Amino acid sequence: MSFDVRPLSDALGAEIVGLDLSQPLSDDDFAKVHQAHLDHLVIIIRDQKITPQHQCDFSERFGPLMPFSETQLSVPGYPHMTMISTKRENGEFIGLPDAGIMWHSDQSFRETPSLGSMLYALEVPDEGGNTGFANLYAAYEALPDDLLEAIDGKNGVFFTGRFREDRPDSGQYKQETRYSPPQHHPMVRTHPETGRKSIFANEQHTVGIEGVPDDEAKEILDQIFTHCERDEFVYWHRWHIGDLTFWDNRCTVHKADLSRMDDPTYVRHMHRTIIKGSKPV
46 MSFDVRPLSD
56 ALGAEIVGLD
66 LSQPLSDDDF
76 AKVHQAHLDH
86 LVIIIRDQKI
96 TPQHQCDFSE
106 RFGPLMPFSE
116 TQLSVPGYPH
126 MTMISTKREN
136 GEFIGLPDAG
146 IMWHSDQSFR
156 ETPSLGSMLY
166 ALEVPDEGGN
176 TGFANLYAAY
186 EALPDDLLEA
196 IDGKNGVFFT
206 GRFREDRPDS
216 GQYKQETRYS
226 PPQHHPMVRT
236 HPETGRKSIF
246 ANEQHTVGIE
256 GVPDDEAKEI
266 LDQIFTHCER
276 DEFVYWHRWH
286 IGDLTFWDNR
296 CTVHKADLSR
306 MDDPTYVRHM
316 HRTIIKGSKP
326 V
């Protein structure tokens, strides 16, 4: 199959044009896609017309799929595929309407975080609903010496909740730790395939630093998050129907623009799969 890989920004991201994932993908073509993903961190495979089974099959070529805790939001018949949707039935959202409200790396709060995520756009708004991606290789390489010293060799504490709202002494923290206890991962990790180092911390799920007092950890993390979100590290993707976007959760963070969530005409409907990775080192 003939297809092109075209960079989208200086920071990260590339589009793949001419690839049809409804058809069998040869090992050589898969290797080309895989390398594009490693090189560009985020790939957007354009103009797809695929079924949930096609998406699962393609995702599983990279690794096993990770389940999502809220199985009622899964695509019927596909327990490892989650609906990201603002659509409602009987007044209730049929999927996650506000996924990506903060910068984060999917499933980074797990003992074994994810390799990457795939999101397939079925319905998108004419305006808004974009997704931002930040390159944490580049953010690591540009870290000031004092911030590098503050996190190098340190483990971050990762949890399902948010730093400011889910403090260790809060009821919400205690409730959620019952099914997903906090995990400790290196804040500077080495990518298992490329060997490159990146920051591994994110605004939504990194809630502290092992061995560092809360107030000091908060100050360090705030500086890290602000640094990682600088414009020169970020690409904002404007969605089109048929886009299948695949990003590397090991070296990026992402966030959705949900500024139109309260607009009743705003519709954003997508299918997401998440691929299991390896324990960060």
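Numbering of the sequence shown is given in the working numbering, commencing with residue 46 and proceeding in unit increments. Virtual Cβ for every residue (Gly too), placed ideally from N, Cα, C. Predicted model only: the values in this text are computed from it and were never measured.
Measure how close the beta-carbons of residue i and residue j come, nearest whole angstrom, since I'm counting them as under 8 angstroms.
i	j	result
Val336	Met126	Nothing can be reported for residue 336, as the shown portion of the chain is limited to 46 through 326.
Leu160	Gly108	5 angstroms
Phe203	Pro237	About 18 angstroms separates the two Cβ atoms, so there is no contact after all.
Gly154	Ser243	The residue you asked about is not Gly; residue 154 is Phe in the sequence shown. Phe154 to Ser243, Cβ: 18 angstroms. No contact.
Suppose the cutoff is 7 angstroms on Cβ atoms and the five residues either side in sequence are ignored; what does the same chain contact list for residue i look like?
i	result
Asp92	Gly287
His85	Pro52, Leu57, Gly58 and Ala59
Ala144	Ile129 and Ala301
Phe75	Arg106
Pro97	Val120, Tyr123, Met126 and His316
Distance, Cα to Cα, residue i vs residue j?
i	j	result
Ile89	Trp284	9 angstroms
Gln220	Thr205	With a pLDDT of only 49 at Gln220, under 50, the local geometry of the prediction cannot be trusted, and the value read off the model is given with reservation. Distance between the alpha carbons of Gln220 and Thr205: 11 angstroms.
Leu181	Leu141	26 angstroms
Phe208	Cys101	With a pLDDT of 44 at Phe208, under the threshold of 50, the modelled position of that residue is not reliable, and the figure given next carries that caveat. Phe208 and Cys101: Cα-Cα distance of roughly 33 angstroms.
Ala179	His79	19 angstroms
Thr290	His299	12 angstroms
Phe113	Pro124	8 angstroms
Lys199	Arg234	10 angstroms
Val312	Thr116	22 angstroms
Glu134	Pro170	19 angstroms
Arg241	Asp197	14 angstroms
Ile139	Trp292	24 angstroms
Glu248	Pro258	18 angstroms
Asn175	Val50	21 angstroms
Ser71	Phe48	13 angstroms
Asp260	His99	47 angstroms
Glu186	Glu137	44 angstroms
Thr297	Thr310	31 angstroms
Asp73	Ala81	13 angstroms
His230	Val326	8 angstroms
Pro213	Asp308	Because the pLDDT at Pro213 is just 47, under 50, the model does not fix this residue reliably, and the value given afterwards should be weighed accordingly. Answer to the nearest angstrom: the Cα atoms are 35 angstroms apart.
Ser150	Lys77	24 angstroms
How about residue i and residue j: do their beta carbons lie closer than 9 angstroms?
i	j	result
Ile319	Met163	yes
Phe278	Trp148	no
Met46	Ala166	no
His272	Leu188	yes
Gly201	Thr131	no
Ile146	Leu192	no
Arg275	Ala184	yes
For residue i, which residues from the same chain have a beta carbon less than 6 angstroms from its beta carbon, with the 5 sequence-adjacent residues on both sides left out?
i	result
Ser54	Tyr280
Pro158	Gln152 and Gly322
Ala246	Gly201, Met232 and Ile269
Ile95	Leu66 and Ser67
Phe103	Leu66
Thr239	Leu83
Val87	Leu57, Gly58, Phe178 and Trp292
By DSSP's criteria, residue i is part of a beta bridge. Which residues make up the other side?
i	result
Trp284	Per DSSP, none; premise fails for Trp284.
Asn180	Thr297
Thr290	Ile89 and Leu164
Lys263	Bridge partners of Lys263: none, in fact.
Val50	Ile61
Glu137	Glu134
Gln228	Phe203
Thr318	Met126 and Met163
Met313	Note on residue identity: the sequence assigns Arg, not Met, to residue 313. BP columns for Arg313 are empty, so no partner.
Thr251	Phe203
Ile244	Val233
His149	His299
Leu110	Ile320
Tell me which same chain residues have a C-beta within less than 8 angstroms of the C-beta of residue i, skipping the five on either side of it?
i	result
Ser304	Gly173
Glu156	Gln228 and Lys324
Met306	Thr131, Pro142 and Asp143
Would the beta-carbon of residue i be found less than 8 angstroms away from any heavy atom of the ligand ATP?
i	result
Ile286	This structure lacks the ligand ATP, and indeed carries no ligand of any kind.
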